[in-house]
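Counted from 1, the sequence shown has number 585 at position 155 by the numbering used here; the numbering is strictly sequential.
Read through the structure below, which is laid out as structure tokens, and then see the notes.
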Amino acid sequence: MILGIDKVLELIKTKNLVEGLDQEHLNFEGCGIDIRIGELYEMVEDEGFLHIETRKTPNFKLIAEYDKEKPIKIKLKPGKVYSATTIEKINTPEDLFGWFIPRSTLYKCGIVVQGIRTDPGYKGKFSFIMINTSNKDFEIQMGARIANMVFHKVEGKANLYKGQWQGGRAFIPKEEKQVKQENFIQEK
Numbered sequence: 431m432i433l434g435i436d437k438v439l440e441l442i443k444t445k446n447l448v449e450g451l452d453q454e455h456l457n458f459e460g461c462g463i464d465i466r467i468g469e470l471y472e473m474v475e476d477e478g479f480l481h482i483e484t485r486k487t488p489n490f491k492l493i494a495e496y497d498k499e500k501p502i503k504i505k506l507k508p509g510k511v512y513s514a515t516t517i518e519k520i521n522t523p524e525d526l527f528g529w530f531i532p533r534s535t536l537y538k539c540g541i542v543v544q545g546i547r548t549d550p551g552y553k554g555k556f557s558f559i560m561i562n563t564s565n566k567d568f569e570i571q572m573g574a575r576i577a578n579m580v581f582h583k584v585e586g587k588a589n590l591y592k593g594q595w596q597g598g599r600a601f602i603p604k605e606e607k608q609v610k611q612e613n614f615i616q617e618k
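Take a look at the structure:
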């Protein structure tokens, strides 16, 4: 079940579901809330990997950060991969998960945004990947609404998120062991 905006607003007020919302430009579309781009990183030459026990992402360097007093516009170059984080912090309770839906303007301009969901128990800024698949530069202003976050109700018990992305990390610069989630399902 998808929560209506009235329920989302109630959870923002009572459970701190989303922190850092821009009250001045708050925009509710359908049943979700818009979230904004806060930090932008560019991938630098390096390799990543995903093994059974360990993983590492390519390295990224910070190229822009939102500043309310100083508007910053950045051009996303064709074929480049970027990692970004939101301004807002999501505090996903045990009975919800958040679904990240990029704004359609991005797709119409050839910008692919890869970000999926916030699991129950996730707390932090939301991080995602942006790729300019067009053959033209694309300009984005830091603080712009980047996606709509929709919240779904979880029926039954959820295994709370305890992974390495907790807190809003945008990348893993060094090889590290993967966090194993506890298994709460018992054999009968």
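Cβ atoms here follow ideal geometry from the backbone N, Cα and C, with glycine treated the same way.
Residue 565 is positioned such that its CB atom lies no closer than 8 Å to that of residue 506.
Judged by DSSP secondary structure, residue 522 falls outside any alpha helix (DSSP H); it is assigned neither H nor E. Taking 8 Å as the cut-off, the Cβ atoms of residue 434 and residue 518 do not count as close.
By the neighbour-count criterion, in which 16 or more other beta carbons inside 10 Å mark a residue as buried, residue 530 falls on the buried side.
Here residue 471 is buried, its C-beta having at least 16 other C-beta atoms within 10 Å.
Less than 8 Å divides the Cβ of residue 486 from the Cβ of residue 605. Rounded to whole angstroms, the gap between the alpha carbons of residue 503 and residue 513 is 16 Å. CA-CA distance, residue 557 to residue 575, rounds to 14 Å. Between the beta-carbon of residue 522 and that of residue 468 there is about 18 Å, and that puts the pair past the 8 Å contact cut.
Contact between residue 525 and residue 448 does not hold, since the beta-carbon distance rounds to 16 Å and is not under 8 Å.
Counting of Cβ neighbours within 10 angstroms places residue 478 among the exposed residues, the total staying below 16. Secondary structure remark: continuous beta strand (DSSP E) runs of at least 3 residues inside the segment 445–486, in chain order: 462–473, 484–486. Residue 557: not part of any alpha helix (DSSP H); member of the beta strand (DSSP E) spanning 553–562, first to last residue. Residue pairing from DSSP places residue 581 in a beta bridge opposite 528. Residue 548 and residue 581 have their C-alpha atoms some 9 Å from each other.
Going by DSSP, residue 505 is part of the beta strand (DSSP E) stretching over 503–506.
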